[in-house]
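Colleague:
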Amino acid sequence: MDQNASTGFPLADGVGEWLSPSKALERFEPPSEMVLAAAVEEKRARYGFRISSLGILIKPGCNSEVLHKPDIWDLPGSSPWLLGLINLRSNLVPVFDLRQLFGLPQRDVAAPQLVLVLDQGDKAVGLLIDDFPKPLFDMSFLPGLPQLPEELQAHVRGGYMKGDGVWLEFDHESFFENLVRSEQ
Numbered sequence: 016m017d018q019n020a021s022t023g024f025p026l027a028d029g030v031g032e033w034l035s036p037s038k039a040l041e042r043f044e045p046p047s048e049m050v051l052a053a054a055v056e057e058k059r060a061r062y063g064f065r066i067s068s069l070g071i072l073i074k075p076g077c078n079s080e081v082l083h084k085p086d087i088w089d090l091p092g093s094s095p096w097l098l099g100l101i102n103l104r105s106n107l108v109p110v111f112d113l114r115q116l117f118g119l120p121q122r123d124v125a126a127p128q129l130v131l132v133l134d135q136g137d138k139a140v141g142l143l144i145d146d147f148p149k150p151l152f153d154m155s156f157l158p159g160l161p162q163l164p165e166e167l168q169a170h171v172r173g174g175y176m177k178g179d180g181v182w183l184e185f186d187h188e189s190f191f192e193n194l195v196r197s198e199q
C-alpha cells in the first residue's frame, strides 16, 4: 500500500486519498511496549462497614468520613433510631442507629462510638457503625441476596461475597429519602 510521503500514513486505493477513520483503526497496530487500558484490570478497593451482622458497601465516589465519639444532640419527640444531630463544619447532620431501626442486637456499651458520615452538606447522614470501614478486594457477585430487614430490601441493589462475609450494595440516598417520607 502506498504511503503519504510527508506523513508516512497509508493512502486509500486512489493516490492522494486518505483511508476512512474506521479503515484506519482496523489497521492500527499498537507498539509492542504500549499497554492498553483494557488489557490491565485495575484493582480498586471498595470500602465496607458493619452494622451488627450486615456488611454494607460505601457507594463508589461517595464522600465519607468517620467521627470518633462526636457530640450527638437529642431531637425531642424523634424516633428512637434517630439519635439526634451532630454539627459537622457548620452543617447539621442527622445520626441514625440502624440496629434499632432493623431490630438487630444492640451493640456493646463498651464499644467505641463511631459515626460514619456519608455525603456532604444537606445530603449528609450519619450512621453508628461497629468498626472503621475496611478495603475489600476481589469480591464475588452474589446471584441472590440473603434475607434482609424489610426496611432495607428495596434499597439493596446487589450483593458480593468476600470470604464468608456478604457485602451489600446499599443505596443510602433512596433509603433515607424513603425514611424521611415515611416519618412525615
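For the sequence shown, position 15 matches number 30 in this note's numbering, and the numbering has no gaps at all.
Where is the CB? At the ideal position from N, CA and C, for every residue including glycine.
Since the structure is predicted, the reported quantities are computational estimates derived from the model, not experimental observations.
1. Mind the definition here: the segment 92-103 touches the segment 126-145 only if three or more C-beta pairs lie below 8 Å; say whether that holds.
2. So is PHE185 buried or exposed if we call it buried at 16+ other beta carbons inside 10 Å?
3. Between the Cα of GLN135 and the Cα atoms of ASP179, LEU129, TRP96, GLU80, which residue gives the shortest distance?
4. Let me check one thing: in DSSP terms, what residues is HIS83 bridge-paired to?
5. Using 8 Å as the threshold, is the segment 114-131 in touch with the segment 78-94, meaning 3 or more CB pairs across them?
6. Run the CB neighbour count on VAL110, radius 10 Å, all protein chains shown included, and call it buried at 16 or more, exposed below.
7. Which residues share a DSSP beta bridge with ASN102?
8. Could you tell me the boundaries of the beta strand (DSSP E) in which GLU198 lies?
9. Which residue wins for smallest C-alpha separation from TRP182, given the options PHE191, ASP112, PRO150?
10. Do TYR175 and SER189 have their CB atoms nearer than 8 Å?
11. On a CA-only basis, which of ARG61, ILE66, SER94, LEU72 is nearest GLN5? Give me that one, please.
12. Taking the Cβ atom as the reference point for each residue, do HIS187 and LYS38 lie within a distance shorter than 8 Å?
13. Pick from GLY180, ARG172, LEU167, LYS177: whose alpha carbon is nearest that of ASN200?
14. Mark ARG114 as exposed unless 16 or more other C-beta atoms lie within 10 angstroms of its C-beta, in which case mark it buried.
15. Could you tell me the alpha carbon to alpha carbon distance between PHE1 and SER35, rounded to whole angstroms?
16. So, are the CB atoms of GLY180 and GLY70 less than 8 Å apart?
17. From this set, GLU165, ARG59, VAL171, which residue's C-alpha is nearest GLY210's C-alpha?
18. Need the endpoints of the alpha helix (DSSP H) that PHE152 sits in, please.
19. With 16 as the cutoff for other CB atoms within 10 Å, does VAL108 come out buried or exposed?
Modeller: According to the data block:
1. yes
2. Along the sequence shown, one-based indexing puts residue 185 at 170. Buried: at least 16 other Cβ atoms inside 10 Å.
3. Here the question's residue 135 lines up with position 120 in the sequence shown. Measuring from the Cα of GLN135, the nearest candidate turns out to be GLU80.
4. To locate residue 83, count along the sequence shown from 1; it is residue 68. Answer by DSSP bridge pairing, in chain order: LEU129.
5. yes
6. Walking along the sequence shown from the start, residue 110 turns up at place 95. The residue in question, VAL110, is buried, as its Cβ has 16 or more Cβ neighbours within 10 Å.
7. As a first step, residue 102 must be located in the sequence shown, where it is residue number 87. LEU107.
8. Here the question's residue 198 lines up with position 183 in the sequence shown. Taken as a continuous stretch (DSSP letters only), GLU198 belongs to no beta strand (DSSP E), being part of the alpha helix (DSSP H) at 187-198.
9. As a working note, residue 182 is residue 167 in the sequence shown. Checking every option, the nearest Cα to that of TRP182 belongs to PRO150.
10. Along the sequence shown, read from residue 1 onward, the residue named residue 175 stands at position 160. Along the sequence shown, read from residue 1 onward, the residue named residue 189 stands at position 174. No, the Cβ-Cβ distance between TYR175 and SER189 is not below 8 Å.
11. Here the chain covers residues 16 to 199 and nothing more, so residue 5 does not appear.
12. By one-based count along the sequence shown, residue 187 stands at place 172. By one-based count along the sequence shown, residue 38 stands at place 23. No; because the gap between Cβ atoms is not below 8 Å, this pair is not in contact.
13. With the chain covering only 16 through 199, there is no way to say anything about residue 200.
14. Position 99 of the sequence shown holds residue 114. It is buried - the Cβ of ARG114 has at least 16 other Cβ atoms within 10 Å.
15. This structure cannot settle anything about residue 1, because the visible part of the chain is limited to 16 through 199.
16. Here the question's residue 180 lines up with position 165 in the sequence shown. Here the question's residue 70 lines up with position 55 in the sequence shown. In this structure, GLY70 lies closer than 8 Å to GLY180 by Cβ.
17. Residue 210 lies beyond the range of the chain shown here (16 to 199); nothing can be said about it.
18. Within the sequence shown, residue 152 is the residue found at index 137, counting from 1. Unbroken run through PHE152: none, as it is neither H nor E.
19. Residue numbering aside, residue 108 sits at position 93 when the sequence shown is read from its first letter. Answer is buried; the Cβ neighbour count reaches 16.
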